[in-house]
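K.L.:
Sending over a structure as structure tokens; questions will come in a sec.
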Amino acid sequence: MAKKFSALVAKMSPESRARSDALYQQLRAEMPLQELRRALDLTQQQVAASLGINQVAVSKMEGQTDMYVSTLRRFVEAMGGELRIVAHFPEGNVEINQFKREPGPAEPATACT
């Protein structure tokens, strides 16, 4: 009989749980598009419909290692997210706002946080 994950976690030492949680947070913070889409329980068909393209095009996009910022933004927005580009420097982080999408005439402008 298979053991429940919660039962296994309950048996872990606090140190093991902390390491496991840190790894989980790292993996959650860094995902390829395909894994992110799956984690959001979305199909390629659903993303394609939102983008107005076909499923094959979504599959190709997920396999790319280089794409336009605008294409990546549209893909992320199709999954319900917002793309932010942040440069990390020793002095601190800077959000690059040059690539933000301007709202269309029917869309309300949103405040930058």
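For the working numbering, add 1 to where a residue sits in the sequence shown, where the first one is 1. Beta carbons are placed, not taken as given, at the ideal position from N, Cα and C, and that holds for glycine.
1. So if DSSP puts alanine 88 in a beta bridge, which residue, or which two residues, is it bridged to?
2. With burial defined as no fewer than 16 other Cβ atoms inside 10 Å of the residue's Cβ, what is the status of alanine 3: buried or exposed?
3. Taking just the CA atoms, how far does aspartate 22 sit from glutamate 78?
4. Excluding the five sequence neighbours on either side, which residues of its own chain have a C-beta within less than 7 Å of the C-beta of leucine 73, listed in chain order?
5. Exposed or buried, which one is methionine 62 when buried takes at least 16 other CB atoms within 10 Å?
6. For the segment 2 to 56, list the alpha helix (DSSP H) runs that are entirely contained and at least 4 residues long, ordered along the chain.
7. What does the Cβ neighbour count give for phenylalanine 76, buried or exposed, with the cut at 16 atoms within 10 Å?
8. Around the Cβ of valine 48, are there at least 16 other Cβ atoms within 10 angstroms (buried) or fewer (exposed)?
9. Taking all protein chains shown into account, decide if valine 57 is buried (16 or more other Cβ within 10 angstroms of its Cβ) or exposed.
10. Just mark arginine 38 as buried or exposed, buried being the case when its beta carbon has 16 or more other beta carbons within 10 Å.
P.N.:
Put simply:
1. Val95
2. By the 10 Å Cβ count, alanine 3 comes out exposed.
3. 28 Å
4. Answer for leucine 73: Leu84, listed in chain order.
5. buried
6. 6 to 12, 15 to 30, 34 to 40 and 45 to 52
7. buried
8. buried
9. Looking at its Cβ environment, which holds fewer than 16 other Cβ atoms inside 10 Å, valine 57 is exposed.
10. buried
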